[in-house]
Amino acid sequence: MGIRHYPDKVRVYVDMDGVIADFECAARAHAMEPSHFKRVAGAFLDLDPIPKAAEAMFALDDTGYCLVFTLTETPRSNSTRYHRHPSTWAECHS
């Protein structure tokens, strides 16, 4: 990884779980505790977006005042198995 240079703007990091992706609802729908559900392969792919969350992120980005990034953490137990799912989810819901 190289050094990234960003314009002189405020950086806003938005978590996926429970902020733009409805993780809690998906866990309940599968009758699982969130701590167990997050370890299910493909769990991130089935999350519904939280209404208006993407629009709010785009509106914030459109102000020109800040750079908006999504942020999430993958399970440490087997991160190579899960690391692309949040990115795939974000691509499908943007």
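When the letters of the sequence shown are read in order and numbered with our numbering, they come out as residues 6 to 99.
Ideal Cβ placement from N, Cα and C applies to all residues, glycine included.
Treat the numbers as computed from the prediction; the structure is a model and nothing was measured.
A distance below 7 angstroms between beta-carbons, with the five flanking residues on each side excluded, links residue 14 to the following residues of its chain, in chain order: 70, 71, 72. Approximately 7 angstroms separates the beta-carbon atoms of residue 24 and residue 55; this is inside 8 angstroms, confirming the contact. For the pair residue 38 and residue 31, the CB atoms are not nearer than the 8 angstroms cut-off.
In the displayed model, residue 33 falls within a helix according to three-state DSSP. Distance from the CA of residue 43 to the CA of residue 52, rounded to the nearest whole angstrom, comes to 11 angstroms.
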